[in-house]
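Novice:
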Amino acid sequence: MRLSFDADRIPGYRAEERMEAVLRFRRMWSRYQRPDDVNQLLKQFPRVSIQDGLMLDYLSLGGKGASWIWPYARQAKVRQASGIPEPLASVPSDRLAGMRGSDQALSLEAESLYRFLEYEQSPLGLFEYAVFAQELWAVKSEAQAAEWLDLKPLFVKHRFDSILRTEARRIVRFSRPKTFDPTSRPAPGGGGEISFMVFQGGPWKRIYTLHLTVDPKGWVRMRAGDVLASLTA
């Protein structure tokens, strides 16, 4: 994807507000049943919407301890079983599980989900959409979504400094950023890239820049960028 040269800054406090709403939802999502859970998640992102007359739903895949969901959009007035759209409905669930992450799966996601989602054409709108897409696939998919769920976004200075104070004795390499605000780089053909700092715990123990690239067809790819601080385990 060819991104525009200039990046727009998103005020860190605005990103922080949105992420705090997401974290509150994570703590209470188990109170909701299908499909209310994913539709309540969507409400946490005011700049992201689904086309009129549609709602979110999902298929539950995988076995015990490794379950995950495949979200899709369907008519709001039909029953769950009859609302699965084509071509998703014609693919056996065991085959769907094996397709995960493939080009074929991305095409199927775009056809059954992303083309029905819309977001405000603004830096904050792109940010909300990128984060929403990550959260949507992570809901009820903890065993398969640790790569995203284990990250702690650092949108404001005090979050960054708090990590440094807590982990001061373990820091082996450190570079203070010029800004803490997330950035948004729109692409001429649609989509774009959102970048912001995150703290990754576990065996990695590092602070780095995370890049979420939104494809014009709707899917979001995640990749790690520059490391700002490395910590010993």
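For what it's worth, the numbering used here labels the leading residue of the sequence shown as 82, then goes sequentially.
Here a beta-carbon is modelled for each residue, glycine too, at the ideal position from N, C-alpha and C.
1) Which parts of the region 206-263 are runs of the alpha helix (DSSP H), unbroken and 4 residues or longer, counting only runs that do not cross its ends?
2) How should Q125 be labelled, buried or exposed, when 16 other C-beta atoms within 10 angstroms of its C-beta is the threshold for buried?
3) Whose C-beta lies closer than 6 Å to the C-beta of S32 among residues of the same chain, with five residues either side of it excluded?
4) Pull the bridge partners of M100 from the DSSP assignment, please.
5) Starting from L293, follow its DSSP beta bridges and name the residues at the other end.
6) What are the uninterrupted segments assigned as alpha helix (DSSP H) that are 4 or more residues long and contained completely in the region 174-210, given in chain order?
7) With distances taken Cα to Cα, identify the nearest neighbour of L319 among W229, D133, V159 and P284.
8) Contact defined as beta carbons within less than 8 Å: I believe I275 pairs with A211. What is the distance between those atoms, to the nearest angstrom?
9) If contacts are defined as beta-carbon pairs under 8 Å, then L140 and S171 qualify, I think. What distance do you get, rounded to the angstrom?
10) Nearest to R115 by CA position, among L104, A102, A157 and D138, is which residue?
11) Which residue marks the beginning of the beta strand (DSSP E) containing Q156, and which one marks its end?
12) Three-state secondary structure (DSSP) at R266?
13) How far does the alpha helix (DSSP H) with L169 in it extend, from its first residue to its last?
14) Once you ignore the five residues that flank S193 on each side, which residues in its own chain have a CB closer than 6 Å to its CB?
15) Exposed or buried, what is L232 when buried is set at 16 or more other beta-carbons lying within 10 Å of its beta-carbon?
16) By the DSSP assignment, the alpha helix (DSSP H) with D117 in it spans what residues?
17) According to DSSP, which residues form a beta bridge with F106?
18) In whole angstroms, what is the alpha-carbon distance linking F255 and A102?
19) Is the Cβ-Cβ distance between D296 and P204 less than 8 Å?
20) For R128, does the three-state DSSP call read helix, strand or coil?
Specialist: Based on what the coordinates show:
1) 227-230 and 238-247
2) Numbered from 1 along the sequence shown, position 44 holds the residue referred to as residue 125. With 16 or more other Cβ atoms within 10 Å, it is buried.
3) Lying before the first or after the last residue shown, residue 32 is absent from the chain, which here runs from 82 to 314.
4) Taking the first residue of the sequence shown as 1, we reach residue 100 at position 19. None; M100 has no bridge partner.
5) As a first step, residue 293 must be located in the sequence shown, where it is residue number 212. In DSSP, L293 forms a bridge with I275 and M303.
6) 174-180 and 184-193
7) As shown, the chain starts at 82 and ends at 314. That puts residue 319 outside it, with no answer to give.
8) Along the sequence shown, one-based indexing puts residue 275 at 194. Along the sequence shown, one-based indexing puts residue 211 at 130. Confirmed, Cβ separation roughly 5 Å.
9) Against the sequence shown, residue 140 aligns to sequence position 59. Against the sequence shown, residue 171 aligns to sequence position 90. Not quite, the Cβ-Cβ distance comes to about 13 Å (not below 8 Å), so this is no contact.
10) Stepping through the sequence shown from its first residue, residue 115 is reached at position 34. Out of L104, A102, A157 and D138, D138 has the C-alpha closest to the C-alpha of R115.
11) For the purposes of this step, residue 156 is taken as the residue at position 75 of the sequence shown. That run of the beta strand (DSSP E) goes W149 to Q156.
12) Residue mapping note: residue 266 aligns to position 185 of the sequence shown, counting from 1. Strand.
13) Taking the sequence shown and counting its residues from 1, one reaches residue 169 at position 88. Here L169 belongs to no alpha helix (DSSP H), and DSSP marks it neither H nor E.
14) Within the sequence shown, residue 193 is the residue found at index 112, counting from 1. Within the same chain, S193 has close Cβ partners Y153, P166 and L169.
15) As a first step, residue 232 must be located in the sequence shown, where it is residue number 151. Flag for L232 reads buried.
16) As a first step, residue 117 is located in the sequence shown; it is residue number 36 there, counting from the start. Counting along the chain, the alpha helix (DSSP H) containing D117 begins and ends at D117 to L123.
17) For the purposes of this step, residue 106 is identified with residue 25 of the sequence shown, where counting begins at 1. Its beta-bridge partners do not exist; DSSP assigns none.
18) Working through the sequence shown from its first residue, we reach residue 255 at position 174. Working through the sequence shown from its first residue, we reach residue 102 at position 21. Taking the straight line joining both Cα atoms gives about 30 Å.
19) Locating residue 296 in the sequence shown gives position 215, where the first residue counts as 1. Locating residue 204 in the sequence shown gives position 123, where the first residue counts as 1. No. Outside cutoff.
20) As a first step, residue 128 is located in the sequence shown; it is residue number 47 there, counting from the start. Reduced to three states, the DSSP call for R128 is coil.
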